[in-house]
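Novice: Got a structure for you, written out below as structure tokens; questions coming shortly.
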Amino acid sequence: MVEYKQPKLTVDILIEFEKGSKTVGIILIERKNPPLGWALPGGFVDYGESLEQTAIREAKEETSLDVKLIRQFHTYSEPLRDPRHHTVTAVYIAKATGIPKACDDAKEIGIFTRETLPPLVFDHAQILNDYFSKKY
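Using our numbering, you'd call the opening residue of the sequence shown number 313 and step up by one each time.
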């Protein structure tokens with residue numbers, strides 16, 4: 313029997329952090345697990361879970377925030393986007409208020425603007441560049 317390989321499905325969330333009614337930055341997490349570095353919150357879709365459910369769950373698990381999904385931003389599928397294996401990600405834009413806290417596999421958490429971005433893992437620099445450039 314032929315074994316077929318499929319990419320793993322993930323979501324990433326562009327969480328627009330607000331104070332009052334003003335967006336002050338995008339929430340990023342510093343990963344506890346390899347590949348190490350800063351990334352958008354996100355993770356793998358569980359069987360029986362929708363993309364939207366995954367985005368809300370992963371945001372809560374990694375940032376302790378309840379988010380409101382605004383819309384799907386874009387899908388990224390470059391086979392080498394994740395050095396561990398081939399993944400396809402659906403990226404969502406979400407809004408959040410409250411106090412972010414690093415949880416689950418997030419070592420640290422930060423709020424960043426285009427000008428203050430740290431070094432990023434995966435293809436998250438490209439995703440953020442597209443977001444800040446409004447290429448959608």
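Virtual Cβ for every residue (Gly too), placed ideally from N, Cα, C.
Just to confirm, is the Cβ distance from Asn345 to Asp417 under 8 angstroms?
Specialist: Their beta carbons are under 8 angstroms apart, which means Asn345 touches Asp417 by this criterion.
Novice: Using a threshold of 8 angstroms, state whether the C-beta atoms of Phe329 and Ala402 are closer than that.
Specialist: Against a cut-off of 8 angstroms, the Cβ pair of Ala402 and Phe329 comes out as no contact.
Novice: Applying the 10 Å Cβ sphere with the 16-neighbour rule, what's the burial state of Pro412?
Specialist: With 16 or more other Cβ atoms within 10 Å, it is buried.
Novice: Take Gln318 as the anchor and find which of Thr428, Val336, His397, Thr425 has the nearest alpha-carbon.
Specialist: Of Thr428, Val336, His397, Thr425, the residue nearest in Cα terms is His397.
Novice: Within 10 angstroms of its Cβ, does Val357 collect 16 or more other Cβ (buried), or is it exposed?
Specialist: Under this definition Val357 is a buried residue.
Novice: Excluding the 5 residues preceding and the 5 following Leu363 in the sequence, name in chain order all residues of the same chain whose CB lies nearer than 6 angstroms to its CB.
Specialist: Excluding residues within five positions, the ones whose Cβ falls inside 6 angstroms are Val323, Ala402.
Novice: Please report the residue range of the alpha helix (DSSP H) in which Thr444 lies.
Specialist: Residue 444 is actually Phe in this sequence, not Thr. Looking at the DSSP string, the run of the alpha helix (DSSP H) that includes Phe444 is 436-445.
Novice: Grab me the residues of Ile382's own chain with a C-beta within less than 7 angstroms of its C-beta, minus the 5 sequence neighbours each way, in chain order.
Specialist: Cβ neighbours of Ile382 beyond the five flanking positions: Ile405, Ala406, Lys407.
Novice: Do Val433 and Ala371 have their C-beta atoms closer together than 8 angstroms?
Specialist: Not a contact, by the Cβ cut-off of 8 angstroms.
Novice: Would you mind listing the alpha helix (DSSP H) stretches within the region 391-438 that are 4+ residues and don't spill past its ends, in chain order?
Specialist: The qualifying runs do not exist here; there are none.
Novice: Between which two residues does the beta strand (DSSP E) containing Gln365 stretch?
Specialist: Element bounds for Gln365: not the beta strand (DSSP E) but the alpha helix (DSSP H), 363-375.
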